[in-house]
Amino acid sequence: MLSTPLALGAPGVYLRPETSPPPLTGVPMDVCAFVGVAPRGPAWEVALDDARPDRPWTALLQQRRRSIAVAVESFADYRRLYGGFEGPGRLPYAVAAFFDQGGRKAYVVRIVAPVVDPARGAATGELHGVKVSAGVTPYFAARNPGTWGNALAATLTYSRTPLSFQEATVRELIVDADERLPAGSLLRLRLGGGAHVLRFAALIRREGRGDAGLEHLRITLDQPLVEGPEAAEIVEGVLTVDDGDGRVEHHERLGLSSSHPRWLAAVLTLESELLLPGASWVDGHIVPDSPDLTAAEAEEFKGGEDYYPEIVPDDFLDRDWTLGDEQPGAGVHALVQLPDLASVVVPDLYVPEPLPTTEAVLEEPSLAGPRFELCVDPPLPGEQESAPPELSGLLRDPRLPGELEEIISLQARLVELAGTLRRFLVLLDVPPGLGQRQIMRWRARFRSSFAAAYHPWLRIARADDRRDALLSLNPAAVAAGIIANQERLFGLSHGPANAMATGVVDVLDRVSPARHDELHLLGINVYLRERDGVRLTAARTLSRDLRYRQLSVCRLLLMLRRTLEQQTHWMVFEPNGPRLWADVRNLLRLFLRQLYQAGAFTGATEEEAFFVRCSAETNPPRVVDAGQMVAEIGVALSEPIEFIVLRLNRGDDGTLKVEV
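Going letter by letter, the sequence shown gives residues 3 to 662 in my numbering.
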């Protein structure tokens, strides 16, 4: 039974006041995921959700996930994690276009080639000036693969904090109980004559009576001293990491032993976006070479590789993932458990043509001066930075029948995943370079309300990009931003179309009015070049069912389903009877009334716009005896004026299921 928190006063018997269920609120459907190729960013990430105190860090570092979905809320967020436009993929252009149109939140999945060793392609740099317990040279590794890691630099310095002690022997120190001294701390101890030595606090015990003010800490050193110390300091590490491209991290108050709560290796694994510790020393400790605490510098990082040509279309999908797996898969399957995802765009699923090359940025030296001098030969210019290798494994020409068939097969697998999960829509690009009849044949291969198609590809040029020509961009990427912005401005029931595409200068295929008529009837959403710019003219799905041909209808149904799944868990343990049924009816009617008033449904009255059934009729004895509760919801959406029935079913195991 639902109830409010009870405010207690004088001793007595209090009746807990009852309250109505919390109202339903529509969840936003403006979040889009982008899956593609980037020069850097989360990939082969440590499975941090598997971390636990009793698990060695070595084992954790070996448990990696090739693909991980990371949320970004601006293109600046994306650039910080994944880099800019320097790679060969269209992913950064797609994400930038999404935010340019007004998108607010996106998930990004970076695609890399599968390898036997997850550390392959990640730059490494040895750390000199320290010793480790394992007897090996410690090293750092770039957080993820790519040539970006070769520019990393890391420096380990130390901070010292005086530690007062009451008594000291060659093996123990007695200090005040309020000293901040965690186990595994490194101590710098001064002996007679001014010599310094380093020792770890191997064991710290609290002794004495706290109520009498006699409590203290007994510190046992990991190795005995030759004599009792005269003074002590707590030594903590400070690691500074610079990626050479404007990103700098400072990690402070670091412990130098694996028993320390802020152990250097643990902090890097859990907090750093740039580095990981080497697996050979993560379960030991680090000791400076000298008690003078000279800074330790990592040597030049090397070994970072991009391996762009090795990426193939199969890397975007996980054939080993099956519905019901506890963990997300790789590629697009990394998205399967995101609770707020509404649409998916895969800009690098295939590459119809490479991106234009970047323009030269080297300037010729000028030897001109104010005085006449003898002519000299100018120095030879340095080498221009070479272009990244092409995504040769993803090159597919849609004009070739065999390669077009492969493209369709890849897109069909995306649509199949969306239809299986029924949690998001896939936004597809009509392959570029196709004639009208070829587009119609392409369209005939899809019949899903969980997919929408966009045509033609768009021409863009960015001021913050060094490429010296217009490039072709996936139309679905721009559509995703328009969908998000239209929902924010006008609501979910408003069709996400009839909007200008920000930052688009032209279209790859100028569709005539006659062709536009044909494509529109087929459910292909067309961009048209107009006097004021490029406009998205439609918002339809690829469904053959007229009830689900409007994108706004399908998105509204997804929102209804998601809202019910996420906000009706309170009813799982309620007594299954007329009182619960009445609460459910009232709750659903209030929610649907709000949507009706916002224009989501048609009908002159609420009775024409929606209905809710939850009574003995939908819950006969056999349903109740099975531990289930069934509520039926009908809504008259804008096209057509018909009822679409949803069933809310509470199973005997406490699960909630919404069926359309």
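Ideal placement from N, C-alpha and C gives every residue a C-beta, glycine not left out. Computed from a predicted structure; not experimentally measured.
Query: Assign T149 to one of three DSSP states: helix, strand, or coil.; Result: helix
Query: Just mark I643 as buried or exposed, buried being the case when its beta carbon has 16 or more other beta carbons within 10 Å.; Result: In this prediction, I643 has a pLDDT of 38, which is less than 50 and means its spatial position is unreliable; nothing more can be read from the coordinates.
Query: Please list the segments of the beta strand (DSSP E) lying wholly inside the stretch 218-277, counting only runs of 3 or more residues, in order along the chain.; Result: 218-223, 233-244, 250-256
Query: Taking the straight line between their C-alpha atoms, what separation do you get for M631 and F613?; Result: 17 Å
Query: Leaving out the 5 sequence neighbours to the left and right, which residues in its chain are closer than 6 Å to A12 when beta-carbon positions are compared?; Result: none
Query: In the structure shown, what three-state DSSP assignment does L340 receive?; Result: coil
Query: Go through the stretch 390-438 residue by residue and report every complete run of the beta strand (DSSP E) that reaches 3 residues or more, in order.; Result: 427-431
Query: To the nearest angstrom, report how far apart V507 and I70 are at their CA atoms.; Result: 33 Å
Query: Taking Cβ to Cβ, would you say S450 is nearer than 8 Å to V480?; Result: no
Query: Counting pairs of beta carbons, one from the stretch 494-509 and one from the stretch 423-431, are three or more of them closer than 8 Å?; Result: no
Query: Would you report the Cα separation of G186 and A115, rounded to the nearest angstrom?; Result: 39 Å
Query: With a threshold of 6 Å on Cβ separation, who are the neighbours of A98 within its own chain once the five nearest residues in sequence on each side are excluded?; Result: F77
Query: Can you tell me the Cβ-Cβ gap for R425 and Y352, rounded? I've got them flagged as a contact below 8 Å.; Result: R425 to Y352, Cβ: 24 Å. No contact.
Query: Spatial neighbours of A471 within its chain, please: CB distance less than 6 Å, with the 5 preceding and 5 following residues excluded, ordered by chain position.; Result: P358
Query: Is E128 a contact residue of the ligand ZN, with contact defined as CB to any heavy atom under 7 Å?; Result: Within the structure as shown, the ligand ZN is missing, as the structure has no ligands at all.
Query: Look up F452 in the DSSP assignment and say whether it is helix, strand or coil.; Result: coil
Query: Does DSSP classify R68 as helix, strand or coil?; Result: coil
Query: Please say whether S345 and A663 have beta carbons closer to each other than 8 Å?; Result: Nothing can be reported for residue 663, as the shown portion of the chain is limited to 3 through 662.
Query: Since G1 and D317 are thought to touch, with beta carbons under 8 Å apart, how far apart are those beta carbons, to the nearest angstrom?; Result: As displayed, the chain neither begins before 3 nor continues past 662, which places residue 1 out of reach and without an answer.
Query: Would you call the CB atoms of L39 and G123 closer than 8 Å?; Result: The residue you asked about is not Leu; residue 39 is Val in the sequence shown. In this structure, G123 does not lie closer than 8 Å to V39 by Cβ.
Query: Select from R401, D534, V348, G127 the residue whose C-alpha is nearest the C-alpha of G280.; Result: G127
Query: How many Å lie between H130 and A298 at the Cα?; Result: 6 Å
Query: Figure out for me which residue from L219, R201, F202 has the closest Cα to the Cα of R208.; Result: L219
Query: Mind checking T657: buried by the 16 CB within 10 Å criterion, or exposed?; Result: exposed
Query: Rounding to the nearest angstrom, what Cα-Cα distance links A602 and G653 in this structure?; Result: 30 Å
Query: Could you give the DSSP three-state label for M502: helix, strand or coil?; Result: strand
Query: I'd like the list of long-range same chain contacts for C616, defined as Cβ closer than 6 Å, with 5 residues on each side in sequence excluded.; Result: W583, V586, R587, A633
Query: Taking buried to mean at least 16 other C-beta atoms within 10 Å of its own C-beta, is V37 buried or exposed?; Result: buried
Query: Do the stretch 522-540 and the stretch 485-504 touch if we need at least three Cβ pairs shorter than 8 Å?; Result: yes
Query: Whole beta strand (DSSP E) runs in the stretch 459-521 with 3 or more residues, listed along the chain?; Result: 460-462, 473-475, 506-509
Query: Exposed or buried, which one is G286 when buried takes at least 16 other CB atoms within 10 Å?; Result: buried
Query: Just the Cα atoms here: how many angstroms apart are E302 and S261?; Result: 29 Å
Query: The alpha helix (DSSP H) spanning L193 covers which residue range?; Result: Premise fails: L193 is in no alpha helix (DSSP H) and is neither H nor E.
Query: First and last residue of the beta strand (DSSP E) that includes F612?; Result: 612-615
Query: Starting from E75, follow its DSSP beta bridges and name the residues at the other end.; Result: BP columns for E75 are empty, so no partner.
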